[in-house]
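Reading through the structure tokens given below for one structure.
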Amino acid sequence: MPDQEDKAIDVRSPRGAFAMENQSEEMGDGIDAVEITRRIRDERYEQMKDMTPAERLEYYRKESAAAHARFVDRARNRPDEGN
């Protein structure tokens, strides 16, 4: 059983108060979800930092519509599960 210290909260984190320490190495699945999330967030920031509020709203509308279309397409093309 891991020590309580392994699950400590780092309140000095430059990413904000109460940021949890990265525990993904202990998962053993080879995926660093925290790093992926941070990379996506940072890329999105760089992409949108100079947009006006109206441009951001339009961007989110387009992304939302595209995500919805992918969801509907997958739902329609999903193999019948015997229902």
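The C-terminal residue of the sequence shown carries number 83 in full-length UniProt numbering, and the numbering is unbroken. Don't be surprised by glycine CBs; every beta carbon is placed ideally from N, CA and C. Note that the structure is predicted; figures quoted are calculated from it, not measured.
query                                                                             : result
Nearest to Tyr60 (by Cα), restricted to the options Arg74, Phe71, Arg44 and Ala75 : Arg44
Coil, strand or helix - Asp42 by DSSP                                             : helix
Alpha helix (DSSP H) segment containing Arg70, residue limits                     : Pro53 to Asn77
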